[in-house]
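Comments concern the structure below.
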Amino acid sequence: MVNNIKKKKLKGFSLLEIIVTLGIMMLFAGIVFPVGINKSQKTKLESYASQLVTDIYYQQQRSSYKNISSGVSLGVNSYILFDGDSLSTATYTEVKQFPSNTRITSIALTASNEILFSAGEFKPTVYGTLVLTDGTNTVEVYINREGLVGYE
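Each residue of the sequence shown is one higher than the one before, starting from 10 at the first, in the numbering used here.
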């Protein structure tokens, strides 16, 4: 008997096509991955700045509505919320710690490293800016003389 079955030619990708495709994918990943990591780090830093702004605003509201003196004392890797005329005479304190790679730099306040709110007052007695950094990215946190708190 004669075998009339025709062999089908298998179709597939050549080694060159596979190598070129993998090279393009690695190039794409090499561009996208660092950008994604940097964006993620920037977003984390902005969330820490947002938390600091929220805590300053919280102390501001407590001072205004509860008629107590309060403030925020700024350190390098942390900040302290306190009730009282200064941190040294505070009746209540709460320490907020940043991760090890995040720090406060360039503190430019009008008096000391303490943002103070007098009893019953919405406006701070000390105001200015500070920079929150993770070594790569920076976010500026500000409080103006009218009491507006924010970051950019």
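Glycine is no exception: its CB is placed at the ideal position from the N, C-alpha and C atoms.
Residues bridged to residue i [DSSP beta-bridge criterion]
i    : result
I65  : Note: I65 sits in no beta bridge, so no partner.
I33  : Note: I33 sits in no beta bridge, so no partner.
G80  : F91, L125
E149 : V140
G159 : Y151
Helix, strand or coil at residue i [DSSP, three-state]
i    : result
F91  : strand
V135 : coil
R112 : strand
A117 : strand
E103 : strand
E55  : helix
V85  : coil
Y74  : helix
G21  : coil
Chain C contact for residue i (CB, 8 angstroms cutoff)
i   : result
S56 : The displayed structure is made up of one protein chain only, and chain C is not part of it.
Exposed unless 16 or more other CB atoms sit within 10 angstroms - verdict on residue i
i    : result
P133 : buried
Q106 : exposed
I27  : exposed
S72  : buried
Q70  : exposed
F131 : exposed
Same chain, Cβ closer than 8 angstroms to residue i, five either side skipped, listed in chain order
i    : result
S109 : N86
L96  : G80, S82, I89, T102, E123
Same chain, Cβ closer than 6 angstroms to residue i, five either side skipped, listed in chain order
i    : result
E161 : E149
T147 : V140
Residues near residue i in its chain [Cβ-Cβ closer than 7 angstroms; skip 5 each side]
i   : result
M10 : The pLDDT assigned to M10 is 49, lower than 50, so where the model puts this residue is not dependable; a value taken from the coordinates is nonetheless given after this. Here the set comprises nothing.
(request) Inspect the CB distances between the stretch 141 to 158 and the stretch 47 to 62 and report whether three or more fall short of 8 angstroms. (result) yes
(message) Under 8 angstroms, with one C-beta from each stretch per pair, do the stretch 76 to 86 and the stretch 108 to 121 reach the 3-pair mark?
(response) yes
(message) With three or more beta-carbon pairs closer than 8 angstroms as the criterion, would you say the stretch 92 to 109 touches the stretch 74 to 81?
(response) yes
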